[in-house]
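Counted from 1, the sequence shown has number 109 at position 124 by our numbering; the numbering is strictly sequential.
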Amino acid sequence: MVDGFVFEYIGLKSYGEVLEMQEAYFNLLLDEKSKNGKSSSPDKMFLCQHLPVYTLGKNGDESNLLPQAKQSGAEFFHTSRGGDITYHGPGQLVGYPIIDLERMNIGLAKYIENIEQVIIEVLNEYGITGKRLEKASGVWLDVGDPAKVRKICALGIRSSRFVTMHGFAFNINTDLSYFNHINPCGFTDKGVTSMQKELGEKQYFMHITERVINRFKQVFDLNNTQLILPLQRND
């Protein structure tokens, strides 16, 4: 059991603003490990929604950002995470866990598997069967049917000295039209979906966010957690 973890929901923010928050906390944990051999500040996950933005992983192919994307009005960022290109925007729950995996006593592969499991279990609560797809990260639907397989949650991680940053993007009420301007995660033959699309109606965003937090606590076996919410929320 891991003692002490902070969940901080920060509402609707630009990608650049949250990236600065991530990097500051990521560097704090790294500095503590460098000086003391271990980090002393608690692990934390920032949860948010972003203003429309396309982000490209460090080894991604910029040609997967299609020419018409410039007309979308979305920002564009090169990032230090793994994976290729994806979209973030309102209605999508983005989670950025800043975690010392050594303190949690798990490896990077298990960490990624756990995040996927969190989303799979939340989807199951709504009668949606999410699964992993071989040779691809994230959570997918209809993985047994190449004509129907579609992603509902993307994953992109950076790790240094077993401290993580970046994270997952879970499509709840996301405007999926923005994905028409990219080859999501570098794929040209796989679709993208959301809970709203699968269930046929807009979902209560904060309710699902709370379920993600609760499942994260269970899957990662967390104890003594803290939840920080803004005074004014963007639901």
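Glycine included, each C-beta is placed from N, C-alpha and C at the ideal position.
Taking a cut-off of 8 Å for Cβ pairs, the region 9 to 23 and the region 59 to 67 do not touch, as fewer than three such pairs fall below it. Restricting attention to Leu214, Gly185, Lys116 and Phe153, the CA atom closest to the CA of Leu140 is found in Phe153. Gln188 and Thr194 have their alpha carbons spaced roughly 11 Å apart. Between the alpha carbons of Tyr81 and Glu8 lies a distance of about 11 Å. Less than 8 Å separates the beta-carbon of Lys136 from that of Val177.
Membership of Leu14 in any beta strand (DSSP E) is not indicated; the residue belongs instead to the alpha helix (DSSP H) covering Tyr0 to Asn21. Under the three-state reduction of DSSP, Glu186 is assigned to coil, being neither helix nor strand.
Assigned with DSSP and collapsed to three states, Lys202 falls in helix.
Distances from the CA of Asp16 to each of Tyr72, Phe155 and Ser145 were compared; the closest alpha carbon is that of Ser145. Taking 8 Å as the cut-off, the beta carbon of Tyr72 is found no closer than this to the beta carbon of Cys33. Residue range Asp28 to His35 is occupied by the beta strand (DSSP E) that includes Lys29.
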